[in-house]
Amino acid sequence: MDHTHCCAAMSIPNAFIGIAILSCLMSVAVLGSLFRAQVPGIRHWCVASGLLAVAATLLLFRRSDIVVLGASALLLLASLLAIHGFRRFFHRQTAETA
22 MDHTHCCAAM SIPNAFIGIA ILSCLMSVAV LGSLFRAQVP GIRHWCVASG
72 LLAVAATLLL FRRSDIVVLG ASALLLLASL LAIHGFRRFF HRQTAETA
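Using my numbering, read the sequence shown as starting at 22 and increasing by one per residue.
Listed below in structure tokens is the structure:
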């Protein structure tokens with residue numbers, strides 16, 4: 022009896038999205054542990070990783086076009102936060118310091 026097809030298999034794109042979610046959550050844990058170090062940009066990177074995890078989860082369980090639109094908006098916001106964090110880390114001028 023062949024039991025290899027008894028359970029519904031996860032598609033490859035869904036597996037990749039699941040891996041991305043786990044990666045983002047691990048990044049949040051690592052970056053969150055560095056909050057006390059007061060390294061510029063860490064909080065922005067942590068929030069950006071959290072938003073990426075939420076966006077990837079929304080894409081994994083997409084039910085409608087509005088969910089995909091919301092996930093896309095979160096991806097854009099996470100990208101902007103990450104760039105802001107990089108600028109702070111490298112002591113570049115940001116909108117806050119302009």
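From the three backbone atoms N, C-alpha and C, an ideal C-beta is built for every residue, glycine too.
Computed from a predicted structure; not experimentally measured.
Just verifying my parser: in three-state terms, what is the DSSP assignment at residue i?
{"i": "F82", "result": "coil"}
{"i": "P61", "result": "coil"}
{"i": "H105", "result": "helix"}
{"i": "C96", "result": "At residue 96 the sequence reads Leu, which differs from the Cys that was named. Correct three-state label for L96: helix."}
{"i": "L55", "result": "coil"}
{"i": "F110", "result": "helix"}
Given that a residue counts as buried once 16 or more other Cβ atoms are within 10 Å of its Cβ, and exposed if not, what is residue i?
{"i": "I63", "result": "buried"}
{"i": "S70", "result": "buried"}
Express the C-alpha separation of residue j and residue i in angstroms, rounding to a whole number.
{"i": "Q114", "j": "R108", "result": "7 Å"}
{"i": "S44", "j": "R57", "result": "22 Å"}
{"i": "A77", "j": "H112", "result": "30 Å"}
{"i": "G106", "j": "L46", "result": "18 Å"}
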